[in-house]
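In terms of numbering that gives the first Met the number 0, the sequence shown opens at residue 0 and continues consecutively. Using N, Cα and C, we set each Cβ at its ideal position, and we do this for glycine too.
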Amino acid sequence: MLPENTYRLANREPTWKGVYRNLRLAILNLEIAPETRLNEVRLAEALGVSRTPLREALARLEIDGLIGAAKGGGYVVTDPRADLADAYHLRSALEGYGVRLAAENADAALIARLRENVEANRDIELADTKGRAALNAGFHQMLIEASGSPRLIRTYNNLREWIMTDEDMSLHTDESCRQFVREHDLIVSALEMRDGDMADRIMRLHLRRAKDLLLASPGRTAAPADLADAVQPAA
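Here it is in structure tokens:
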């Protein structure tokens, strides 16, 4: 029997989405190394699912560019780091534009909610990665929604699942957390002054720091124990 661990699926998620989410995180965190061939039968057993939702998840991962067709059939894991850098550049463009619009639309109620988020982020423990991730996601989501642009919001939401994970928070140190919170605070101040240029500059710097921190992580090159038998080096 497989051990209980984070790669088992949460009951509240659709099966294919849970499979997609868990494999995506394992690939992004380099727990499944680039150039690894995926074995569908063993992956289905490791994740406790049938092959139908697994195939749906693999198809989505291929669209994301995280896996590709392997010689002789099946899939092989690609190196996610180049796509991750590109995704952060796209995110910077989207959020930079978003905060420019938000600076025009921000009212006192939004500023108050953003300030509350910043203060909560100052007080939260470093070890509470899920709590910090939720506060961070909430902060950026409020800014995007304040843009008032439905198309921008939809585009951002499609990108968010690819680039914002709880696991990223485990890379943060006390100093990097303090810096990110300071930058959030500065963005709110720029909105309060209705200075879209300043908000844009700070947001782009903020996201560049986040990208550099993520890409500097060495990651892990071995799959988790329950996935180890489900993957093998590509031929």
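One or two residues paired with residue i in a DSSP bridge
i          : result
glycine 67 : Val75
Residue i vs residue j beta-carbon contact at 8 Å
i                 : j             : result
isoleucine 152    : glutamate 94  : no
arginine 99       : alanine 198   : yes
leucine 53        : glutamate 34  : no
leucine 158       : leucine 89    : yes
phenylalanine 179 : histidine 205 : yes
serine 91         : arginine 208  : no
Beta-carbon separation (whole angstroms), residue i vs residue j, contact threshold 8 Å
i             : j              : result
tryptophan 15 : glutamate 55   : 4 Å
alanine 101   : serine 175     : So it is not a contact: roughly 24 Å between Cβ atoms.
valine 76     : leucine 37     : 7 Å
arginine 20   : leucine 60     : Not quite, the Cβ-Cβ distance comes to about 10 Å (not below 8 Å), so this is no contact.
arginine 193  : glutamate 103  : 7 Å
isoleucine 26 : leucine 65     : 5 Å
tyrosine 87   : lysine 210     : 4 Å
glutamate 190 : alanine 105    : Position check: residue 190 holds leucine in this sequence, whereas glutamate was assumed. About 4 Å; that satisfies the 8 Å criterion.
alanine 119   : methionine 163 : With 8 Å as the limit, alanine 119 and methionine 163 do not qualify as a contact, their Cβ atoms being about 17 Å apart.
Element boundaries [alpha helix (DSSP H), containing residue i]
i             : result
aspartate 196 : 195-215
glutamate 174 : 173-191
serine 91     : 80-104
isoleucine 31 : First-last for isoleucine 31: undefined, no H or E at that position.
glutamate 118 : 107-122
glycine 17    : 14-27
glycine 130   : 128-145
Validate contact between the region 49-66 and the region 172-190 using beta carbons, cut 8 Å, 3 pairs: no
Cβ contact (3+ pairs, closer than 8 Å) linking the region 166-174 and the region 81-98: The region 81-98 and the region 166-174 do not touch, with fewer than three beta-carbon pairs separated by less than 8 Å.
Given 8 Å, three or more beta-carbon pairs between the region 113-128 and the region 65-80: no
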